[in-house]
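Going by this note's numbering, the sequence shown runs without a break in its numbering and finishes at 335.
Here a beta-carbon is modelled for each residue, glycine too, at the ideal position from N, C-alpha and C.
Before any comments, here is the structure.
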Amino acid sequence: MYVKILVTGGAGFIGSNFAHLVLAERPDAHITVVDKLTYAGNLASLEGLEATGRYSFVRGDITDAALMDSLVAESDAVVHFAAESHNDNSIADPAPFISTNLVGTFTLLEAVRRHGKRFHHISTDEVYGDLELDDPAKFTLNTPYNPSSPYSSSKAGSDHLVRAWVRTYGINATISNCSNNYGPRQHIEKFIPRQITNILDGRRPKLYGAGANVRDWIHVDDHNHAVLAILERGTAGRTYLIGADGELDNKHVVEAILVAMGQPADAYDHVNDRPGHDMRYAIDASLLRDELGWRPLYSDFAAGLEATIAWYRDNESWWRPLKEATEAKYAASGQ
Ligand code: NAD
Ligand code: DAU
1 MYVKILVTGG AGFIGSNFAH LVLAERPDAH ITVVDKLTYA GNLASLEGLE ATGRYSFVRG
61 DITDAALMDS LVAESDAVVH FAAESHNDNS IADPAPFIST NLVGTFTLLE AVRRHGKRFH
121 HISTDEVYGD LELDDPAKFT LNTPYNPSSP YSSSKAGSDH LVRAWVRTYG INATISNCSN
181 NYGPRQHIEK FIPRQITNIL DGRRPKLYGA GANVRDWIHV DDHNHAVLAI LERGTAGRTY
241 LIGADGELDN KHVVEAILVA MGQPADAYDH VNDRPGHDMR YAIDASLLRD ELGWRPLYSD
301 FAAGLEATIA WYRDNESWWR PLKEATEAKY AASGQ
């Protein structure tokens, strides 16, 4: 059990849900969120946490070595979510991905090394590249790294930095590589909330290419319960894959959203495909299940999707300020 937990990127989608979950489930925990508040950070996602008396927020950049040194020194453990996280943005402008995902992770690792603190690095299944649609295989810990995009290659590089700091300097770190998350507070540039808010806004959902690409969906709370289990009980130096056997193709997902929102299943548009678009992701999470006893609570995707749709319907003030600019960016690339 760690008491003082520094959460980087805690104003983003997964980090903010992690802060809510930990403060609700660990009565002794104190969370400090450090976040640059880029376009993806949203203080509204952290509303309600101040009332716990066990939460504080620092606006800052993880590439700021002096700030990271002092924040890490004051903490018992660091859970590192901060990243540039969107593939399409990385194709349009890779520079911030190199700075935040590589230099930022390096900066934190150096602070962790100096102060001897526990570090958990949040990463993605995209470091493994992709699988064929007709291949029964899933990503395992033995799958070679083969990232496709500027985003996934920067995350792959950050994983290698963590491993090198474990082996060379003996820092107490773990890594997790998770598949596609869905749930409340996800930026509306991402696939599922983009389509939900399109429908709420009277726009048609947008499917890249034919929509045959497969993603392995997991609810954000299932991801975060796995992260907490790894933080508290994981083996130092180890990597854990996180996934909930939720493989679905994009066409199926967009149709499920339309039907759940009372629209005809075919009321969507095909738009330009993503350059270098990964075909399929699938995770073998057996180490997490066998060693740490983790099990997903959201095994019914349709029910998780309904709850997510309800969240966006009930929280228009959270997403409305982002909608116009997000869609203008997509329109410029024919998406
Ligand atoms: P997000 O884009 O919603 O949030 C990222 C947060 O990091 C934002 O609050 C942003 O302001 C902050 N940030 C960006 N640059 C920063 C910097 N230089 N200094 C400090 N803060 C900075 O991302 P997310 O979807 O919540 O993803 C969180 C982590 O999980 C990322 O590391 C991502 O690679 C990983 N991941 C995401 C998914 C997914 O499906 N979303 C799946 C697997 C892994
Ligand atoms: O696999 C984990 C990764 O999942 C994380 O590392 C990333 O941070 C996260 O963004 C996500 O990456 P994807 O590129 O898979 O997610 P995205 O939501 O951008 O797209 C999901 C799929 O939907 C992908 O095949 C592209 C497609 N898509 C996306 C958008 C935004 C569409 O068909 N239409 C859209 O409008």
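{"Query": "Using three-state DSSP, classify Ser346 as helix, strand or coil.", "Result": "Residue numbering for the chain in the displayed model covers 1 to 335; residue 346 lies beyond these limits and cannot be assessed."}
{"Query": "Assign Pro150 to buried or exposed, taking buried as 16 or more other Cβ atoms, counted over all protein chains shown, within 10 Å of its Cβ.", "Result": "buried"}
{"Query": "Please classify Arg280 as buried or exposed, where buried requires at least 16 neighbouring CB atoms within 10 angstroms.", "Result": "buried"}
{"Query": "So does Phe191 have its beta carbon nearer than 7 angstroms to some heavy atom of the ligand DAU?", "Result": "yes"}
{"Query": "Report yes if the C-beta of Ile14 is less than 7 angstroms from at least one heavy atom of the ligand NAD; otherwise report no.", "Result": "yes"}
{"Query": "8 angstroms is my cut-off, CB to CB: does Gly183 come that close to chain B?", "Result": "The question asks about chain B, but that chain is absent: this structure has only one protein chain."}
{"Query": "Would the stretch 45 to 52 and the stretch 78 to 92 be scored as touching if the rule is three or more Cβ pairs under 8 angstroms?", "Result": "no"}
{"Query": "Are Thr8 and Phe106 close, meaning C-beta to C-beta below 8 angstroms?", "Result": "no"}
{"Query": "Glu316: buried (16+ other C-beta within 10 angstroms of its C-beta) or exposed?", "Result": "exposed"}
{"Query": "Pop quiz: Val78 and Leu6 are said to be a contact at Cβ under 8 angstroms. What is the actual Cβ separation, rounded to whole angstroms?", "Result": "5 angstroms"}
{"Query": "Since Tyr55 and Pro193 are thought to touch, with beta carbons under 8 angstroms apart, how far apart are those beta carbons, to the nearest angstrom?", "Result": "About 25 angstroms; that fails the 8 angstroms criterion."}
{"Query": "Given a cut-off of 8 angstroms, decide if Leu288 and Ile242 are closer than it, judged by their beta-carbon atoms.", "Result": "yes"}
{"Query": "Identify whether Asp88 lies in helix, strand or coil by the three-state DSSP scheme.", "Result": "helix"}
{"Query": "For Ala173, write down the residues that DSSP places opposite it in a beta bridge.", "Result": "Phe119"}
{"Query": "Roughly how many whole angstroms lie between the Cα atoms of Asn177 and Ala19?", "Result": "19 angstroms"}
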